[in-house]
Amino acid sequence: MESSAAPQPALENSAGKVRILLQTFTHLVPGSDLPQHLWKRDFDSAQERIIPYRDHFGLDKIECFFLFDHHGHDHTVPEEKVPVLWYKWTGESLIRVYEELPSKIQKELRKWPFTWEGRKFHKLQKGPDGEYDPEDRREIIKSQLYLGVPIFENDIEFLREYPEHALWLKNHLDPKLWAKIGPFCHLPGEAAE
């Protein structure tokens, strides 16, 4: 089986429970318009959840995915087996993929329960001083860079105060992302610009 070459119409019946896996690239993501392309309406947080994967908007042309879990208004607790519809976004239209999902993607989807209450996200806790632990803070900065979120002066100050965390970021970031903050970190042994 293969992808349909023709753009697909919107899903007329958005009342049934369904998972929609949308595959695209970071430079093609149409912002908040995806539900318009799927259901011809705005996103409704009472009916859907969006789970991004590899949404590294700080980098261009990175393959990324969005999982839309559509529950409708039924938020029953038991886990259900629901259909998974696979689409690719070309930058102009949705193309339905009629192939079986690759095993790697199936495995990743199993990590994300469909149930409304089944997913618990870890929220970072701040310490008694109101600040994040330094390891958590560097992870936040790393995430901000990958998401394309601007880095603030207090983030740079943190990296200057803790050069070991700046060095960790240098070793764990894509070089294009490190280039955005590296010159401001003043790591020992590196010339400041």
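With my numbering applied, the sequence shown corresponds to residues 770 to 962, in that order. A virtual CB, placed ideally from N, CA and C, is assigned to each residue, including glycine. Since this is a predicted model, take the numbers as computed values, not measurements.
- Within the DSSP bridge table, the entry for Lys857 names Gln792 and Ile864 as partners.
- In the same chain as Pro821, and ignoring 5 residues on each side of it, the C-beta atoms closer than 6 Å to its own belong to Phe835, in chain order.
- Taking the C-beta atoms as reference points, Leu854 is found nearer than 8 Å to Ile789.
- Checking the DSSP bridge columns, you'll see Val787 partnered with His839.
- Non-local beta-carbon contacts of Asn940 in its own chain, meaning distances under 7 Å to residues more than five positions away in sequence, are absent.
- Excluding sequence positions up to five before and after Asp905, its CB lies within less than 8 Å of the CB of Leu893, all in the same chain and listed in chain order.
- Fewer than three pairs of CB atoms, one per stretch, sit closer than 8 Å, so the stretch 804 to 813 makes no contact with the stretch 874 to 884.
- Judged by DSSP in its simplified three-state form, Phe953 adopts helix.
- Within the same chain, Cβ atoms closer than 7 Å to the Cβ of Val851 are found at Lys786, Val787, Arg788 and Phe883, the five residues on either side in sequence being excluded.
- Where Tyr915 is concerned, the enclosing alpha helix (DSSP H) starts and stops at Pro903 to Leu916.
- Annotation for Glu922: the continuous alpha helix (DSSP H) segment containing it runs Glu922 to Glu930.
- Ile831 carries a coil assignment under DSSP once its states are collapsed to helix, strand and coil.
- Residue pairing of Arg818 in beta bridges, as defined by DSSP: Asp838.
- Three or more Cβ pairs closer than 8 Å define a contact, and the stretch 854 to 868 falls short of that threshold against the stretch 822 to 834.
- Residues Trp858, Thr859 and Gly860 of the same chain have their beta carbon placed closer than 8 Å to that of Leu797, with the five preceding and five following residues left out of the count.
- Around Lys873, the same chain offers no residue with a beta carbon nearer than 6 Å, after the five sequence neighbours per side are excluded.
- The alpha-carbon separation between Thr795 and Asp943 amounts to approximately 15 Å.
- Of the residues Gly958, Ala935 and Glu959, the one whose Cα lies closest to the Cα of Ile950 is Ala935.
- Following the DSSP letters along the chain, one finds Gln875 inside the alpha helix (DSSP H) bounded by residues Ser872 to Arg879.
- Counting other Cβ atoms within 10 Å of its Cβ, Tyr867 stays below 16 and is therefore classed as exposed.
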